[in-house]
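Report on one structure; see the data block that follows.
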Amino acid sequence: MNNFWEKLNKPFYCLAPIAGVSDSAFRQMCKKYGADVVYSEMASVNALAFAPEKTLEMLAFAETERPYVVQLFGSEEGNFAKAVKLIEEKIKPDGIDINFGCPVPKVAKQNAGAELAKDLVQSRKVIEAVLEAATVPVSVKIRKKVGEVDALQFLDNIKDLDVKAVMIHGRDLRQMHTGPVDADIIREARQHFKGVIIANGGVCDAQSASELLVKSGADGLGVAQGAFGAPWVFAQFSISNFQFPMKEEIFNIALEHAELAYELKGPAGILEMRKHLCWYVQGMPGARKLREEFVKVETLEDIKNIIKENI
Numbered sequence: 000m001n002n003f004w005e006k007l008n009k010p011f012y013c014l015a016p017i018a019g020v021s022d023s024a025f026r027q028m029c030k031k032y033g034a035d036v037v038y039s040e041m042a043s044v045n046a047l048a049f050a051p052e053k054t055l056e057m058l059a060f061a062e063t064e065r066p067y068v069v070q071l072f073g074s075e076e077g078n079f080a081k082a083v084k085l086i087e088e089k090i091k092p093d094g095i096d097i098n099f100g101c102p103v104p105k106v107a108k109q110n111a112g113a114e115l116a117k118d119l120v121q122s123r124k125v126i127e128a129v130l131e132a133a134t135v136p137v138s139v140k141i142r143k144k145v146g147e148v149d150a151l152q153f154l155d156n157i158k159d160l161d162v163k164a165v166m167i168h169g170r171d172l173r174q175m176h177t178g179p180v181d182a183d184i185i186r187e188a189r190q191h192f193k194g195v196i197i198a199n200g201g202v203c204d205a206q207s208a209s210e211l212l213v214k215s216g217a218d219g220l221g222v223a224q225g226a227f228g229a230p231w232v233f234a235q236f237s238i239s240n241f242q243f244p245m246k247e248e249i250f251n252i253a254l255e256h257a258e259l260a261y262e263l264k265g266p267a268g269i270l271e272m273r274k275h276l277c278w279y280v281q282g283m284p285g286a287r288k289l290r291e292e293f294v295k296v297e298t299l300e301d302i303k304n305i306i307k308e309n310i
């Protein structure tokens, strides 16, 4: 097994899995600016087991994205095993990750994501099934606490299994994606888990990244919302004299992203770019007006015209 996790220079920085956001175009933009590892959008093992075409299409990636990790959610170990075998055959990623942290109700209804983390027996069965089916490194993403089960209990329950890495979101389920991040529990995880530890939550710039690394003692960081409209955030972590892009450069980066989205997904890629374009202009003078225009774009030409009028 090629365990790429052990070969990464520390600290390393990952684009965390983000449903509806971390598609190939966005991953490639983040990779360009220094992301060391990128994760897919969360993929359903049920869909992969029974009607995989659309999900496989979503999981397609470019070689430049490696190391690339596919993240899965579900609750049935049999479907996880089927999904892993199919992904390894059709997609050929560098790793498989299991989501035990997603708080979204439609995921919880399937006893998946964070909901599955509450069930130590079933979550272990799922991990065992994935480990048996996979030939690439297996990792997990968890939260500080879900219900009565905290991260340390969860890790104790799987400490004898060959899980290579864990990403720990330092917020509990009730906090969702806001509020203070508990770096102490991530640091304490070192006594409960022998693999690579990735801290996640609240990282949006070089200062917050440095603080979380120091406080948590993690090997690397997972960045999610901090990269929205700012794929260059990864360069900020490693370049000491990083120059924040000015308005014209931000527009050029946004256009490059849009062109890539169109190349990969056609007109649907432009519609999906609307949210990204709104994030790119956050904090700019006239941002409200720009957002009003960007949420209506339907073609690449629409985007080019708005940018041309505002440079």
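Every letter in the sequence shown is one number past the one before it in numbering that gives the first Met the number 0, and letter 138, counting from 1, is 137. Glycine residues also receive a C-beta, built at the ideal position from the N, C-alpha and C atoms. These numbers come from a predicted model, not from an experiment.
Could you spell out where the alpha helix (DSSP H) holding residue i opens and where it closes?
i: A286; result: 286-293
i: I86; result: 76-89
i: G268; result: 266-279
i: I310; result: Per DSSP, I310 belongs to no alpha helix (DSSP H) and is neither H nor E.
i: A24; result: 23-31
i: M57; result: 52-58
i: V106; result: 104-107
Can you check DSSP and say which residues form a bridge with residue i?
i: C13; result: V36, G221
i: D118; result: DSSP, once it has assigned bridges, lists no residue as partnering D118.
i: D96; result: Q70, S138
i: A42; result: L71
At which residues does the beta strand (DSSP E) containing residue i begin and terminate?
i: L7; result: Note, L7: premise wrong, no beta strand (DSSP E); not H, not E.
Got a sec? Which residues, its chain only, sit under 6 Å from residue i by beta carbon, not counting five neighbours each side?
i: S39; result: L58, V69, Q70
i: G200; result: H168, G169, R170, V180
i: R186; result: S215, G216
i: F3; result: P66, D93
i: I184; result: K143, A150
i: A260; result: A24, G268, M272
i: N110; result: S74
i: L119; result: N156
i: V125; result: E76, F79
Under 8 Å Cβ to Cβ from residue i, same chain only, skipping five residues before and after it: list those, please.
i: L130; result: V137, L160, D161, V162
i: G178; result: R170
i: I310; result: K246, E247, F250
i: E258; result: L299
Which same chain residues, not among the five before or five after residue i, have their C-beta less than 7 Å away from its C-beta?
i: K9; result: D218, G219
i: R65; result: D93
i: L85; result: L47, P51
i: V202; result: A208, L211, L220, V222, G225
i: E300; result: none
i: A61; result: S23, Q27
i: F192; result: L154, K158, V165
Could you tell me whether the stretch 143-150 touches the stretch 79-95, using the rule of 3 or more Cβ pairs below 8 Å? no
Those runs of the beta strand (DSSP E) which lie wholly inside the stretch 124-203 and span at least 3 residues: 137-142, 164-168, 195-199
Do the stretch 264-281 and the stretch 30-38 make contact, defined as three or more Cβ pairs closer than 8 Å? no
Runs of 4 residues minimum, wholly inside the stretch 203-261: which ones carry the alpha helix (DSSP H) assignment? 205-215, 232-237
Examine the Cβ distances between the stretch 233-243 and the stretch 205-222 and report whether three or more of them are shorter than 8 Å. yes
Quick check: the stretch 244-254 against the stretch 45-57, are at least 3 beta-carbon pairs closer than 8 Å? no
Using 8 Å as the cut-off, can you tell me whether the stretch 22-30 makes contact with the stretch 219-231, which would need three or more C-beta pairs spanning the two stretches below that distance? yes
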